[in-house]
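To keep things clear, I will list the structure first and then write my remarks on it.
Residue numbers (the numbering used here): 129 to 724.
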């Protein structure tokens, strides 16, 4: 029986009476398992699958939940699981809009524009409006925030570009209607507007979805909240699970206040805390709990585990990020003998360069989760194409790249630099010339939604270039840093080492975790210094990174250590300094200049 494996707290949540239920689940406490068991319990109790709506944040999570439910109830012939809805917020919205599309002057065969489609449509509108100098990313961001109720029209009134924003928004909506399309944000926004506009339609879906279950509740945004709030109002059978300590997506709309205000929104709600951690050692758990305890906006939890104390947390001081990557790669090579999983986590994608180079140098296979290798990123290849042609005018691959990427006017400017490079110019100077003469940063911003991340990659290339006086040595360094005995696809697929940003690591776990660049200005990010809520989110990022580890945790820094490291109790730390003869990690002003 599936319920036998549940602990007392999990059982309390699963067998809860029919009323609003908040399951506050700490890291590694089996939250998705608990919510899935709650769903199975409702079905076994006789609730019709037609009346249940289970919402997850990813298609992968929805598929896993479906498989668990189908496996547990495969012998229950009376339960028709094909009538059960398990899916994402967006798939729920699409399901409803397929039935109600005529309300928005679309037919049921409408198409759904993804992010790239929307971006291209905005670029076309700007072109038709003769606003070629305007940033499509700016308008895409504003339109998305309006549709997700993160930004109101009244707030736009304060913007110097208010008339342009409203104008482009209206034209964008008109174009979508003409093309019988909804964009990705519409799937939720238009469903909410539908429910507010027509009470009969709302009641129809309230009667259909009498039981609503939501996974990862800490990640929902304002519009998603409105959708489930409206749906659940009639029967109030809303069950949600999440961890406020893992709210790390405010930059894309997640609102921690929604999680913290659940009891206020649903009077009489029951709250169950899941606090037994099955993933980590008690040392890792105690260290992470000490870090997150400093946050004000949270529901405090007392996580514990039966896993034993385990190894102390390793904090390593290094001279710079290249020495950090050298140390980490050597340690990883040593740990690979155990055939265990290894996660290498960092705050920004640009940080992958150093560790990639050193893993390649040691022929250690690795996967980059959610991204591509540093030197394969478009913006890096574009810049290197010019530098390689300066060094070697016969490089036709690089010449062809420039011709395909840039307009004739820009090409001429690039080839002018290539044919007449400044005498004795450093690699950093040449990159600066490229950026200036091509207006490349503007080009990136106009054509890519993730332009800020691409800017960071360029900054990292510039930082590396600053270490070299001549172009030949710089290009040779890059060439030798890349894998020439390229690991075959099977080897890469089965690689035990995974590199990723902390944001992408949520929901994953590894035997060994390396957190690179735990420095002031990186983690926490310097842009968060003067905003308490943003600083708390940075602290939650650190917590998420730490709680990915099962057996052992390595945290490295250079220059000034992250303030979060000083929150870890001394008796949980093993400190290694590769810079001086310090043998203890302390908050000493003589060692570090601490930013308040």
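Just so you know, even glycine gets a beta-carbon here, dropped at the ideal spot from N, CA and C.
The structure displayed is predicted, hence computed values, not measured ones.
Subject >> Candidates 415, 531 and 343, of which the one nearest residue 183 by Cα >> reply: Residue numbering aside, residue 183 sits at position 55 when the chain shown is read from its first letter. Of the residues 415, 531 and 343, the one whose Cα lies closest to the Cα of residue 183 is 343.
Subject >> Residues bridged to residue 653 [DSSP beta-bridge criterion] >> reply: Working through the chain shown from its first residue, we reach residue 653 at position 525. Beta-bridge pairing links residue 653 to 649 and 650.
**OP:** Answer yes or no: do residue 681 and residue 327 have a C-beta to C-beta separation smaller than 8 Å?
**Re:** In the chain shown, residue 681 corresponds to position 553, counting from 1. In the chain shown, residue 327 corresponds to position 199, counting from 1. Cβ distance not < 8 Å, so residue 681 and residue 327 don't count as in contact.
Subject >> Chain-order list of residues whose beta-carbon lies under 8 Å from that of residue 147 (same chain, five-residue window excluded) >> reply: The residue given as residue 147 occupies position 19 in the chain shown. Excluding sequence neighbours, residue 147 sits near 364, 365, 396, 397 and 398.
Original post:
What residues are listed by DSSP as bridge partners for residue 471?
Top reply: As a first step, residue 471 is located in the chain shown; it is residue number 343 there, counting from the start. Per DSSP, 626 and 641.
Subject >> Reference residue 473; option with closest CA among 453, 489 and 176 >> reply: Here residue 473 is taken as the residue at index 345 of the chain shown, counted from 1. Cα-wise, what sits closest to residue 473 is 453.
Original post:
Are residue 465 and residue 639 touching if we call contact CB-CB under 8 Å?
Top reply: For the purposes of this step, residue 465 is identified with residue 337 of the chain shown, where counting begins at 1. For the purposes of this step, residue 639 is identified with residue 511 of the chain shown, where counting begins at 1. Going by C-beta atoms, residue 465 is not nearer than 8 Å to residue 639.
**OP:** Could you tell me which of 290, 240, 300 and 238 sits nearest to residue 268, measuring between CA atoms?
**Re:** Walking along the chain shown from the start, residue 268 turns up at place 140. Taking only the C-alpha atoms, the option nearest residue 268 is 300.
Original post:
Can you name, in chain order, every residue of its own chain whose Cβ lies under 8 Å from the Cβ of residue 383, other than the five neighbours on each side?
Top reply: By 1-based counting over the chain shown, the position of residue 383 is 255. Cβ neighbours of residue 383 beyond the five flanking positions: 348, 349, 350 and 353.
Subject >> Buried or exposed by the 16-neighbour rule on C-beta atoms within 10 Å, applied to residue 132 >> reply: Here residue 132 is taken as the residue at index 4 of the chain shown, counted from 1. Label assigned to residue 132: exposed.
**OP:** Check whether the region 626 to 645 touches the region 473 to 487, taking contact to mean three or more Cβ pairs, one atom from each stretch, closer than 8 Å.
**Re:** yes
Original post:
When we look at the beta-carbon of residue 739 and count the other beta-carbons within 10 Å, is it buried (16 or more) or exposed?
Top reply: Here the chain covers residues 129 to 724 and nothing more, so residue 739 does not appear.
Original post:
Can you list, in chain order, the residues of its chain whose CB lies under 8 Å from that of residue 323, leaving out five sequence neighbours each side?
Top reply: Here residue 323 corresponds to residue number 195 of the chain shown, with the count starting at 1. Here the set comprises 329, 330, 333, 355, 358 and 359.
Original post:
Can you check whether the CB of residue 457 is closer than 8 Å to the CB of residue 487?
Top reply: Here residue 487 is taken as the residue at index 359 of the chain shown, counted from 1. Here residue 457 is taken as the residue at index 329 of the chain shown, counted from 1. Going by C-beta atoms, residue 487 is nearer than 8 Å to residue 457.
Original post:
From the DSSP output, which residues share a beta bridge with residue 702?
Top reply: Here residue 702 corresponds to residue number 574 of the chain shown, with the count starting at 1. Its beta-bridge partners are 442.
Original post:
Sorted by chain position, which residues of the same chain lie with C-beta nearer than 6 Å to residue 673's C-beta, five sequence neighbours on each side aside?
Top reply: Mapped onto the chain shown, residue 673 falls at position 545. Cβ within range, chain order: 473, 630 and 643.
**OP:** Output the boundary residues of the beta strand (DSSP E) element that contains residue 710.
**Re:** Counted from its first residue, the chain shown places residue 710 at position 582. No beta strand (DSSP E) contains residue 710, which DSSP labels as neither H nor E.
Subject >> Nearest-angstrom Cβ-Cβ length linking residue 419 and residue 667, presumed shorter than 8 Å >> reply: The residue labelled residue 419 in the question sits at position 291 within the chain shown. The residue labelled residue 667 in the question sits at position 539 within the chain shown. About 6 Å separates the beta carbons of residue 419 and residue 667, which is inside the 8 Å limit, making them a contact pair.
Original post:
In three-state terms, what does DSSP make of residue 404?
Top reply: Indexing the chain shown from 1 puts residue 404 at position 276. The answer is strand: DSSP assigns residue 404 an E or B state.
Subject >> Proximity winner among 380, 230, 378 and 376, relative to residue 308 (alpha-carbon distances) >> reply: Your numbering for residue 308 matches position 180 in the chain shown. For residue 308, the nearest C-alpha among the options comes from 230.
**OP:** Determine the direct distance from the alpha carbon of residue 249 to that of residue 320, and round the result to whole angstroms.
**Re:** If you number the chain shown from 1, residue 320 lands on position 192. If you number the chain shown from 1, residue 249 lands on position 121. For the pair residue 320 and residue 249, the Cα-to-Cα distance works out to about 24 Å.
Original post:
So, using beta-carbon positions, are residue 401 and residue 610 closer together than 8 Å?
Top reply: Looking up residue 401 in the chain shown gives position 273. Looking up residue 610 in the chain shown gives position 482. For residue 401 and residue 610, no; Cβs fall outside 8 Å.
Original post:
Rounded to a whole number of angstroms, what is the C-alpha to C-alpha distance between residue 387 and residue 372?
Top reply: Start at 1 with the first residue of the chain shown, and residue 387 comes out as number 259. Start at 1 with the first residue of the chain shown, and residue 372 comes out as number 244. Distance between the alpha carbons of residue 387 and residue 372 is about 7 Å.
**OP:** Mind listing, in chain order, the continuous alpha helix (DSSP H) runs of no fewer than 4 residues lying wholly within the region 155 to 219?
**Re:** As summarised for the region 155 to 219, the continuous alpha helix (DSSP H) elements at least 4 residues long and confined to that stretch are 159 to 172 and 187 to 200, given in chain order.
**OP:** Please classify residue 536: does DSSP put it in a helix, a strand, or coil?
**Re:** Translated into the one-based positions of the chain shown, residue 536 becomes position 408. In this structure, residue 536 counts as helix in the three-state DSSP scheme.
**OP:** Check whether the Cβ atoms of residue 216 and residue 185 sit closer than 8 Å, and answer yes or no.
**Re:** By 1-based counting over the chain shown, the position of residue 216 is 88. By 1-based counting over the chain shown, the position of residue 185 is 57. Taking 8 Å as the Cβ cut-off, residue 216 and residue 185 qualify as a contacting pair.
**OP:** Can you grab the Cα-Cα spacing for the pair residue 482 / residue 450, in whole Å?
**Re:** Your numbering for residue 482 matches position 354 in the chain shown. Your numbering for residue 450 matches position 322 in the chain shown. If you take the alpha carbons of residue 482 and residue 450, they lie about 6 Å apart.
Subject >> Contact belief for residue 433 with residue 408 at Cβ below 8 Å, rounded distance in angstroms >> reply: In the chain shown, residue 433 corresponds to position 305, counting from 1. In the chain shown, residue 408 corresponds to position 280, counting from 1. About 6 Å separates the two Cβ atoms, so the contact holds.
Original post:
Taking buried to mean at least 16 other C-beta atoms within 10 Å of its own C-beta, is residue 145 buried or exposed?
Top reply: As a position in the chain shown, residue 145 is number 17, starting the count at 1. It counts as exposed.
Subject >> Straight-line gap, residue 225 to residue 275 (C-alpha atoms, nearest Å) >> reply: Here residue 225 corresponds to residue number 97 of the chain shown, with the count starting at 1. Here residue 275 corresponds to residue number 147 of the chain shown, with the count starting at 1. Distance between the alpha carbons of residue 225 and residue 275 is about 16 Å.
Subject >> Three-state class that DSSP yields for residue 505 in the structure shown >> reply: Taking the first residue of the chain shown as 1, we reach residue 505 at position 377. Coil, per DSSP.
Original post:
Which one or two residues does DSSP pair with residue 689 in a beta bridge?
Top reply: Within the chain shown, the letter at position 561 stands for residue 689. Paired residues: 647.
Original post:
Run through DSSP, which three-state label would residue 132 get?
Top reply: Position 4 of the chain shown holds residue 132. Three-state result, residue 132: helix.
**OP:** Can you grab the Cα-Cα spacing for the pair residue 236 / residue 316, in whole Å?
**Re:** To locate residue 236, count along the chain shown from 1; it is residue 108. To locate residue 316, count along the chain shown from 1; it is residue 188. Looking at the two C-alpha atoms, the distance is approximately 16 Å.
**OP:** Report all residues from its chain with a CB closer than 6 Å to the CB of residue 405; omit the five preceding and five following residues, and keep chain order.
**Re:** If you number the chain shown from 1, residue 405 lands on position 277. Cβ within range, chain order: 156, 157, 413, 431 and 433.
Original post:
Can you give the Cα-Cα distance for residue 648 and residue 261, rounded to whole angstroms?
Top reply: On the chain shown, position 520 is the one that residue 648 refers to. On the chain shown, position 133 is the one that residue 261 refers to. In a straight line, the C-alpha of residue 648 is about 36 Å away from that of residue 261.
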